[in-house]
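2 protein chains.
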Amino acid sequence: MAHSFLRKIFSSKDSFEKQLHNIIGFTPGNTELYKTSLSHRSVKEGSNENNERLEFLGDAVLSAVVADFLFKKYPYKGEGFLTEMRSKMVNRATLNDIAVKMGLKKITLYNKQDNSLKISQIFGNTLEALIGAVYIDLGYKKTKKWIMKTIIMPHMFMDDLEQLEINHKNKLYGWANKNGKALEFETLDERFENGRRLFTVAAVVDGENLAEGKAFNKKDASQIAAQLAVEKLGL
Amino acid sequence: MAHSFLRKIFSSKDSFEKQLHNIIGFTPGNTELYKTSLSHRSVKEGSNENNERLEFLGDAVLSAVVADFLFKKYPYKGEGFLTEMRSKMVNRATLNDIAVKMGLKKITLYNKQDNSLKISQIFGNTLEALIGAVYIDLGYKKTKKWIMKTIIMPHMFMDDLEQLEINHKNKLYGWANKNGKALEFETLDERFENGRRLFTVAAVVDGENLAEGKAFNKKDASQIAAQLAVEKLGL
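This is the structure we're talking about:
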């Protein structure tokens, strides 16, 4: 598929490499790899030509780096807190925002005529693919440093994220209020698992079970349900 | 909490270190860290004393290592295949089996009197925590080599896992048959997403929607639904 914008961006090699350098902050070892990381499947069908494989890899590397960062930053916090903080840091909306701020929108190659593309996810996915490319290019240790310097430090404010706790529920209540919907959180199940009481809580909108969350206390379970509901509704 | 078996194992320092060495294949830099990785919350309440934080970390590191391994082993396979293979490799049942084979059952510290503990998960979780400890001790690069040598190469047979494709559905049908249940796979939704048709398929048992899977074709979606149903039923 030859799109004119694609030809335009890739015709001047210097210009693409300069733009890429400006975004990642170093000169890549393998330009082709980075081009792949920036190519959405809507312009490249082949699974070894578009960025989905690199996205799979980058997503996993980012998760590990963030887990390491949180494990060391919060030495006395439990696994539940760490999991929650990670999901605040690497959820789709946050990654997409960061990707746009980094300028990835300008160099991501996708079919702009295709209205079915989720513009709220495409750049976040590209950012994950870019992380995958950096990992292949530089290895884990340097990628970790690069993620800290380029993504976490400038874009993720841990004090704010710690406070974000109740926002999913608030957001969902705000939406329900505005749209005249009845929102309830209903405990569906309560059982012992690994020596602890495990709760399943559903976010119920106008009688419909929209999403469910499981956690070892009702507050966390309803937060998770609210977060999933917020994602489902695209709020 | 002082349990007699706990005292017994930890009373002879040599014996614990010898057992640990036999399992991991090297002499650890920090024995305390490894003790933490082997301590279930049923014997250690404190979140910095039991293995849940290390499990969080090790799970992420294992995911990244497996993603890297699959990315390189299958250079022409798409993201869907890689994701599926990873879930076959690192699902709870597989990890628990491997952990038992590695001998982790003998040195994991947990409250054997507590009947609510899920014995089918506890050692797999310990293995993840052990991976977290190895990562803190040796760093990513050496942990990757260690995971390849100790976990993937001796215990994961890629040719077999590739063939495993239809087993979740077969397993669920087998269970349904044996227990006189009616099992159906129902397509709940079909929509365009990112230029592709996305299917939501439910595994329905005796009219009850047990689990749902989403994928870009019905076969994969029903496989995912079957896999989730199998996990839910504890088969």
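Protein sequence lines, in the order shown, are assigned to chains W and D.
All the letters of the first sequence, read from the start, carry residue numbers 1 to 235 under our numbering.
All the letters of the second sequence, read from the start, carry residue numbers 1 to 235 under our numbering.
Beta carbons: idealized from backbone N, C-alpha and C, even for Gly.
All of these numbers come straight from a predicted model, not from anything done at the bench.
Cut-off 7 Å between Cβ atoms - residues of its own chain near residue i, not counting five sequence neighbours on either side
i                 : result
Asn114 of chain W : What sits at residue 114 of chain W in the sequence shown is Asp, not Asn. Correct list, in chain order: Ser42.
Leu54 of chain W  : Thr36, Ser37, Ala129, Gly132 and Ala133
Ile136 of chain D : Leu33
Lys171 of chain W : Val230 and Leu235
Glu52 of chain D  : Arg41
Glu17 of chain W  : Thr31
Phe59 of chain W  : The sequence given here has Asp at residue 59 of chain W, not Phe. If we look at Asp59 of chain W and ignore the five residues flanking it on each side, its Cβ neighbours are Glu128.
Met1 of chain W   : Confidence at Met1 of chain W is low in this model, with a pLDDT of 47, below 50, so its placement is unreliable and no value can be given for it.
Length of the line joining the Cα atoms of residue i and residue j
i                 : j                 : result
Ala225 of chain W : Ala221 of chain D : 22 Å
Glu193 of chain D : Lys101 of chain W : 24 Å
Asn30 of chain D  : Met85 of chain D  : 33 Å
Ile152 of chain D : Glu184 of chain W : 45 Å
His21 of chain D  : Ser15 of chain D  : 10 Å
Asn111 of chain D : Arg191 of chain W : 19 Å
Lys95 of chain D  : Ser120 of chain D : Note that residue 95 of chain D corresponds to Leu in the displayed sequence, not to Lys. Cα to Cα, Leu95 of chain D sits roughly 10 Å from Ser120 of chain D.
Leu228 of chain D : Arg92 of chain D  : 12 Å
Asn209 of chain W : Ser47 of chain W  : 36 Å
Asn72 of chain W  : Glu45 of chain D  : Per the sequence presented here, residue 72 of chain W reads as Lys, with Asn not at that position. The alpha-carbon atoms of Lys72 of chain W and Glu45 of chain D are separated by roughly 20 Å.
Leu289 of chain D : Glu49 of chain W  : The requested residue 289 of chain D is not part of the displayed model; chain D covers only 1 to 235.
Asn179 of chain D : Tyr173 of chain D : 10 Å
Thr150 of chain W : Pro28 of chain W  : 15 Å
Gly78 of chain D  : Leu57 of chain W  : 12 Å
Leu138 of chain D : Leu62 of chain W  : 19 Å
Gln163 of chain W : Ile23 of chain D  : 42 Å
Lys169 of chain D : Ala211 of chain D : 12 Å
Gln223 of chain W : Lys141 of chain W : 34 Å
Val116 of chain D : Lys105 of chain D : According to the sequence displayed, residue 116 of chain D carries Ser and not Val. Rounded to the nearest angstrom, the two C-alpha atoms are 17 Å apart.
Asp97 of chain D  : Ile122 of chain D : 11 Å
Lys219 of chain W : Asp189 of chain W : 14 Å
Gly103 of chain W : Gly25 of chain W  : 12 Å
Leu161 of chain W : Asp159 of chain D : 43 Å
Lys118 of chain W : Ser39 of chain W  : 15 Å
Ala99 of chain W  : Ile107 of chain D : 45 Å
Gly207 of chain W : Gln19 of chain D  : 55 Å
Pro154 of chain D : Leu109 of chain D : 25 Å
Beta-carbon contacts of residue i that lie in its chain and below 6 Å, excluding the five residues immediately before and after
i                 : result
Lys144 of chain W : Val65
Met89 of chain W  : Val66 and Met156
Asn125 of chain W : Glu55
Ala176 of chain W : Leu183
Gly213 of chain W : Val201, Ala221, Ile224 and Ala225
Contacts around residue i, its chain only, beta-carbon distance under 8 Å, and the 5 residues preceding and following it disregarded
i                 : result
Tyr74 of chain W  : Phe81, Leu82 and Met85
Ala67 of chain D  : Leu82 and Arg86
Met148 of chain D : Val65 and Phe69
Arg196 of chain D : Phe216
Lys232 of chain W : Leu210 and Ala211
Tyr76 of chain W  : none
Short CB-CB distance (under 9 Å) between residue i and chain C
i                 : result
Glu193 of chain W : The structure shown contains no chain C; its protein chains are W and D.
Chain-ordered chain W contacts of residue i [CB-CB under 7 Å]
i                : result
Val61 of chain D : Ala64
Pro75 of chain D : Asn48
One or two residues paired with residue i in a DSSP bridge
i                 : result
Leu109 of chain D : D:Ser39
Leu183 of chain W : W:Val205
Asp189 of chain W : W:Thr200
Gly25 of chain D  : Paired residues: none, contrary to the question.
Lys214 of chain W : W:Thr200
Neighbour list for residue i in chain D, Cβ cutoff strictly below 9 Å
i                 : result
Tyr140 of chain W : Ala64, Asp68, Gly139, Tyr140, Lys141 and Lys144
Thr126 of chain W : Within chain D, no residue comes near Thr126 of chain W; the closest Cβ sits about 12 Å away, beyond 9 Å.
Asp114 of chain W : Asn194 and Gly195
Phe123 of chain W : Those do not exist, as Phe123 of chain W stays about 13 Å from chain D at its closest Cβ, beyond 9 Å.
beta-carbon residue i near the ligand ATP non-hydrogen atom, thresh 8 Å
i                : result
Val61 of chain W : Of ligands this structure carries none, so the ligand ATP is not represented either.
Listed by chain order, chain W residues near residue i by CB distance under 8 Å
i                 : result
Glu79 of chain D  : Ser47, Glu52, Arg53, Glu55 and Phe56
Ala83 of chain D  : Here the sequence assigns Thr to residue 83 of chain D, which means Ala is not the residue at that position. Those are Phe56, listed as they occur along chain W.
Phe216 of chain D : None at all; the shortest Cβ gap to chain W is about 11 Å.
Chain-ordered neighbours of residue i on chain D, where CB pairs are closer than 7 Å
i                 : result
Thr117 of chain W : With the sequence shown as reference, residue 117 of chain W is identified as Leu, and Thr is not the correct amino acid for it. Ordered by position in chain D, the residues that pass the 7 Å Cβ test against Leu117 of chain W are Asn194 and Gly195.
Phe199 of chain W : In chain order: nothing, as chain D lies at least about 15 Å away.
Phe157 of chain W : Residues of chain D passing the Cβ test: none, with the nearest at roughly 22 Å.
Partner residues on chain W for residue i, Cβ-Cβ distance less than 9 Å
i                : result
Ser42 of chain D : Asn194 and Gly195
- Spell out a yes or no on whether the stretch 199-210 of chain W and the stretch 174-189 of chain W are touching, meaning 3 or more CB-CB pairs, one atom from each, closer than 8 Å. Flag = yes, the stretch 199-210 of chain W and the stretch 174-189 of chain W touch.
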